[in-house]
Amino acid sequence: MTAQPPFLPFTRPSLDEETIAGVAQVLRSGWITSGPQVKAFEQALSDYFGGRPVRAMNSGTATLEVALALAGVIPGDEVVTTPLTWVATANVIVRAGAAPVFVDVDAATRNLDLDHVEAAITPRTRALLPVDLAGLPVDRDRLYGIAQRHGLRVIEDAAQSMGASWGGRRIGSFGDLVSFSFHANKNMTTGEGGCLVLAGEAQAPLCEQLRLQGVVRDADGGMDATVFGGKFNLTDIAARIGLGQLPRLDAFNARRRELARHYLEQFGRVNAALGCGLPPADFENSNWHMFQITLPVDDIKLSRGDFIRAMAQRGLGVGVHYPALHLFSAYRRLGFRDGQFPRAERIGREIVTLPLFPAMTETDVERVVGAVSEIIQQHKK
776 MTAQPPFLPF TRPSLDEETI AGVAQVLRSG WITSGPQVKA FEQALSDYFG
826 GRPVRAMNSG TATLEVALAL AGVIPGDEVV TTPLTWVATA NVIVRAGAAP
876 VFVDVDAATR NLDLDHVEAA ITPRTRALLP VDLAGLPVDR DRLYGIAQRH
926 GLRVIEDAAQ SMGASWGGRR IGSFGDLVSF SFHANKNMTT GEGGCLVLAG
976 EAQAPLCEQL RLQGVVRDAD GGMDATVFGG KFNLTDIAAR IGLGQLPRLD
1026 AFNARRRELA RHYLEQFGRV NAALGCGLPP ADFENSNWHM FQITLPVDDI
1076 KLSRGDFIRA MAQRGLGVGV HYPALHLFSA YRRLGFRDGQ FPRAERIGRE
1126 IVTLPLFPAM TETDVERVVG AVSEIIQQHK K
């Protein structure tokens, strides 16, 4: 009996032994919360983004929350964003007392459809909050053109696009407020964490207050809290992981692009018979955070859940990123309903994330595509 290959998850972080040993050194140092490692990590990130000021935090959600405050978003404001994203993108808007105004996505890129953004802008709109789904950047030229015409702030949810670029410029090296995530499934990780790239040093003091309870300290040991901040600081443990990951990011992303290219080549041989929706073949801008296809659900006799289970039986992990968030119960209570954003809803019903991470091989890709093809062919209507 032939043994089944090892289980292949949809993602796995690449942590080298030097980084693991570095974390052990931090633990032994006795300084494990925010300290010298965080300072060093922020400097390394700033260097990576061309010298722009950067502040590290304990999640990409925290960085978005702080960014909204820095952008002056207050109760009663509106923020234009996409419904096809992790729910945190909209949750932070609601928690700020503002209203998320969703715009449907482009069918090809699956990102915010910039053709329809201006129609969603009202006198209450304070900011635009686009998302780079799967690491494919939103058109920054058009985005900032819209923002400038209407006098709006831009908060880039670049959680998935660390190391991606637009027009030859690294995402985060230009623009307004740019938020990144270093969650365990991202192209580089700190376990949990993120960073916010600021538009200028003038924002740094308030950013630091907002990430740690609004506190300011004086040289005599006194302190004051002048704003209502949160508890968003990154630990030195997490920062040390980030210091080991950042120098390897470009190599990680180069390998992801190679694997994505192989995926597209393999699907090109079989997809005429399958009918899956494939991601855009962007090897210039995208960091290929995820390789996502949409299933031909109207042409097969199994649900997405059945497909995921069939892949798991073959030792292959599949994720779902993401259902259309305006159909979640909390957002239905705000008045959102089926049919408002049909492209996001359709993609959200059909999308699956296939395995993609730097340690994979071309043979792994072929195994995944072979399994997808076999399952769909077996269940064609």
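Mapped onto my numbering, the consecutive letters of the sequence shown carry residue numbers 776 to 1156.
Glycine included, every Cβ here is placed at the ideal spot set by N, Cα and C.
Since the structure is predicted, the reported quantities are computational estimates derived from the model, not experimental observations.
From residue 1063 to residue 1126, what distance separates their C-alpha atoms? Their Cα atoms are separated by approximately 16 Å.
By Cβ distance, which residues of its chain are closer than 7 Å to residue 1118, with the 5 residues on each side in sequence left out? 879, 880, 882
Ignoring anything shorter than 3 residues, give me the beta strand (DSSP E) runs that lie fully in the region 788-845, in order along the chain. 829-832
Near residue 1168, which residues of its chain fall below 6 Å by C-beta distance, leaving aside the five closest residues on each side in sequence? Lying outside 776 to 1156, the shown extent of the chain, residue 1168 is not represented and no answer is given.
Which residues in the same chain as residue 842 place their Cβ atom closer than 7 Å to its Cβ, once the five residues preceding and following it in sequence are excluded? 930, 952, 954, 971
Helix, strand or coil at residue 856 [DSSP, three-state]: strand
Contact set for residue 967: own chain, Cβ-Cβ below 8 Å, skip 5 residues either direction: 833, 834, 957, 958, 959, 1013
Decide if residue 1153 is buried, meaning its Cβ has at least 16 other Cβ atoms within 10 Å, or exposed. exposed
Segment limits, beta strand (DSSP E) that includes residue 954: Run containing residue 954: 952-956, per the beta strand (DSSP E) assignment.
In the DSSP assignment, find the alpha helix (DSSP H) that holds residue 1123 and state where it starts and stops. 1117-1125
Examine the Cβ distances between the region 1001-1012 and the region 1026-1043 and report whether three or more of them are shorter than 8 Å. no
Check whether the Cβ atoms of residue 985 and residue 1140 sit closer than 7 Å, and answer yes or no. no
Given 8 Å as the limit, is there contact between the region 895-907 and the region 846-863, that is, 3 or more CB pairs closer than that? Note that the region 895-907 touches the region 846-863; at least 3 beta-carbon pairs, one per stretch, sit closer than 8 Å.
Does DSSP put residue 1067 in a helix, a strand or coil? Three-state result, residue 1067: strand.
Please classify residue 773 as buried or exposed, where buried requires at least 16 other C-beta atoms within 10 Å of its C-beta. No answer is possible for residue 773: the residues shown for the chain start at 776 and end at 1156.
Give me, in chain order, the residues of the same chain whose beta-carbon lies closer than 8 Å to that of residue 922; leave out the 5 immediate sequence neighbours on both sides. 903, 928, 929, 951
Does DSSP classify residue 998 as helix, strand or coil? strand
For residue 928, report the span of its beta strand (DSSP E) as first-last. Start and end: 928-932.
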